[in-house]
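Peer 1:
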Amino acid sequence: MTYRNPTPTVDIIIELGDRPGRPIILIERRNEPLGWALPGGFVDYGESVETAAIREAKEEIGLDVELIEQFHVYSDPNRDPRQHTLSVVFLAMATGEPQAADDAKNLECFEFWRIPTNLCFDHDRILKDYGRYRNYGIRPRI
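Residue numbers (our numbering): 4 to 145.
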């Protein structure tokens, strides 16, 4: 019997702690699907999700991040048009000047009230959930 399982990924909501309002970093994707996205990517075999989050942040934005907490897991089978993935989303803090690298064509630091609308995957839902948590302390519901 052959089993098909979702592919594990990580996404990281990275606040820049050394800037007013703690803006978050979004990357503009170099590859399909195109648009703005949270930094993140696939978990490598033999790698913990925490290590993957730190690695992906370094690869995509060039900064070391401090993981603050695991925020939520998103697993809708249609969240990624390429394949069924599940994402462990982390909240993280960083300081310094991010630089677009790896899969990131560009990046920008956004105040929370001016997040772009052309977000990839289910990152609009993730950021909506995060906004409710950041502003009111309400965690996403299952």
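For each residue, glycine too, the CB sits at the ideal point set by N, CA and C.
For alanine 103, tell me which candidate among His126, Cys112, Arg82 has the shortest Cα-Cα distance.
Peer 2: Measuring from the Cα of alanine 103, the nearest candidate turns out to be Cys112.
Peer 1: In chain order, what residues of the same chain have a beta carbon less than 7 Å from the beta carbon of glutamate 53, not counting five sequence neighbours either side?
Peer 2: Hits under 7 Å: Leu70.
Peer 1: Thinking leucine 19 and leucine 110 are a contact (beta carbons under 8 Å), I'd like their distance in whole angstroms, please.
Peer 2: Actually they do not touch by this definition, with Cβ atoms about 11 Å apart.
Peer 1: How about isoleucine 17 and alanine 60: do their beta carbons lie closer than 8 Å?
Peer 2: Result yes, Cβ atoms of isoleucine 17 and alanine 60 sit closer than 8 Å.
Peer 1: Taking the straight line between their C-alpha atoms, what separation do you get for serine 51 and proline 26?
Peer 2: Taking the straight line from one Cα to the other gives about 27 Å.
Peer 1: Which residues does DSSP list as the beta-bridge partners of proline 11?
Peer 2: Paired residue(s): Leu89.
Peer 1: Please name the residue or residues paired with glutamate 72 in a DSSP beta bridge.
Peer 2: DSSP output for glutamate 72 lists Leu94 as bridge partner(s).
Peer 1: Give me the DSSP bridge partner(s) of arginine 33.
Peer 2: DSSP lists no partner for arginine 33.
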